[in-house]
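Student: Pasting a structure here, questions to come.
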Amino acid sequence: MSFRKRNIGLSSGASRDSPSPTAAQQPPAAPSAAESLSGVRPSPDDGRPTTSTGARSLDNLLAGHAGLPLGKILLIEENGTTDFAGTLLRYYAAEGVVQDHKVHVIGIGEQWGRSLPGLVGPADLLEDKVDRRKEEKMKIAWRYERLGEFGTGIAGSRAPAPTADKTAAAADGGAVNQPAFCHAFDLT
Numbered sequence: 119m120s121f122r123k124r125n126i127g128l129s130s131g132a133s134r135d136s137p138s139p140t141a142a143q144q145p146p147a148a149p150s151a152a153e154s155l156s157g158v159r160p161s162p163d164d165g166r167p168t169t170s171t172g173a174r175s176l177d178n179l180l181a182g183h184a185g186l187p188l189g190k191i192l193l194i195e196e197n198g199t200t201d202f203a204g205t206l207l208r209y210y211a212a213e214g215v216v217q218d219h220k221v222h223v224i225g226i227g228e229q230w231g232r233s234l235p236g237l238v239g240p241a242d243l244l245e246d247k248v249d250r251r252k253e254e255k256m257k258i259a260w261r262y263e264r265l266g267e268f269g270t271g272i273a274g275s276r277a278p279a280p281t282a283d284k285t286a287a288a289a290d291g292g293a294v295n296q297p298a299f300c301h302a303f304d305l306t
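When we follow our numbering, the leftmost residue of the sequence shown carries the number 119, and every step to the right adds one.
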């Protein structure tokens, strides 16, 4: 037999219907953690905070999020003796280091961290070089000029929609200077 009353909620004694006096005095909420972290941006698909995998092509393929959503795991299985998973892990770790994130790799020696790829620059700059090459006319295969470059359709379809802040700044003529989301690395 129990001596406790059942079906009665525990409270501090204040009425739940009236607003508490401390709620009105609280300072405004700080920006969310995703907005304050470098290298994290909202997903164009559903707004979840995402970070880059370090490989722009892989970012474009990840279910429309344009990166890996925070708190999610990406499992890569490889066949045979290839080391694609190791290469992608190096890209991901290098991107985290460049973005000032804490990178923890367990079970691998210190030498692995020293062999991370070097930074070439933002991946957007490499795309600008490709765009300049597109502008030049093809001299040998002139019939294939209108087909464009292979693989550019995926990247263009995953571009995030411009936000109100960017469109307002663009209308004023001011440039929005945001840090790069994905960087290009040299594995050699």
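No residue lacks a Cβ here, since even glycine has one placed at the ideal position from N, Cα and C.
Rounded to a whole number of angstroms, what is the C-alpha to C-alpha distance between Pro160 and Asn178?
Tutor: Position 42 of the sequence shown holds residue 160. Position 60 of the sequence shown holds residue 178. For Pro160 and Asn178, the distance between alpha carbons rounds to 14 Å.
Student: So, Phe299 versus Gly198, is the Cβ gap smaller than 8 Å?
Tutor: The residue labelled residue 299 in the question sits at position 181 within the sequence shown. The residue labelled residue 198 in the question sits at position 80 within the sequence shown. Not closer than 8 Å, so no.
Student: Does the stretch 207 to 215 come into contact with the stretch 232 to 240, if we say contact requires no fewer than three beta-carbon pairs (one atom in each stretch) closer than 8 Å?
Tutor: yes
Student: Rank Ala302, Ile226, Asp201 and Ala181 by C-alpha distance to the C-alpha of Gly165 and give the top, closest one.
Tutor: Position 47 of the sequence shown holds residue 165. Cα-wise, what sits closest to Gly165 is Ala181.
Student: In the DSSP assignment, the alpha helix (DSSP H) including Ala212 goes from what residue to what residue?
Tutor: Taking the first residue of the sequence shown as 1, we reach residue 212 at position 94. Per DSSP, Ala212 belongs to the alpha helix (DSSP H) from Phe202 to Val216.
Student: Asp163 lies in the alpha helix (DSSP H); which residues open and close that run?
Tutor: Here residue 163 is taken as the residue at index 45 of the sequence shown, counted from 1. Looking at the DSSP string, Asp163 is not in any alpha helix (DSSP H), and its letter there is neither H nor E.
Student: Where does the unbroken alpha helix (DSSP H) through Asn178 begin, and where does it stop?
Tutor: Position 60 of the sequence shown, counting from 1, holds the residue named residue 178. From DSSP, the alpha helix (DSSP H) with Asn178 extends over Arg174 to Leu179.
Student: Is Asp283 helix, strand or coil by DSSP?
Tutor: The count along the sequence shown starts at 1 and reaches residue 283 at position 165. Note that Asp283 has pLDDT 46, beneath the 50 cutoff, so the model's placement of it is unreliable and the number below is only indicative. Asp283 falls in the helix class under three-state DSSP.
Student: Assign Glu231 to one of three DSSP states: helix, strand, or coil.
Tutor: Working through the sequence shown from its first residue, we reach residue 231 at position 113. Inspection of the sequence shows that residue 231 is occupied by Gly rather than by Glu. The DSSP-derived three-state label of Gly231 is helix.
Student: Would the beta-carbon of Thr171 fall within 8 Å of that of Gly185?
Tutor: Mapped onto the sequence shown, residue 171 falls at position 53. Mapped onto the sequence shown, residue 185 falls at position 67. Yes, the Cβ-Cβ distance between Thr171 and Gly185 is below 8 Å.
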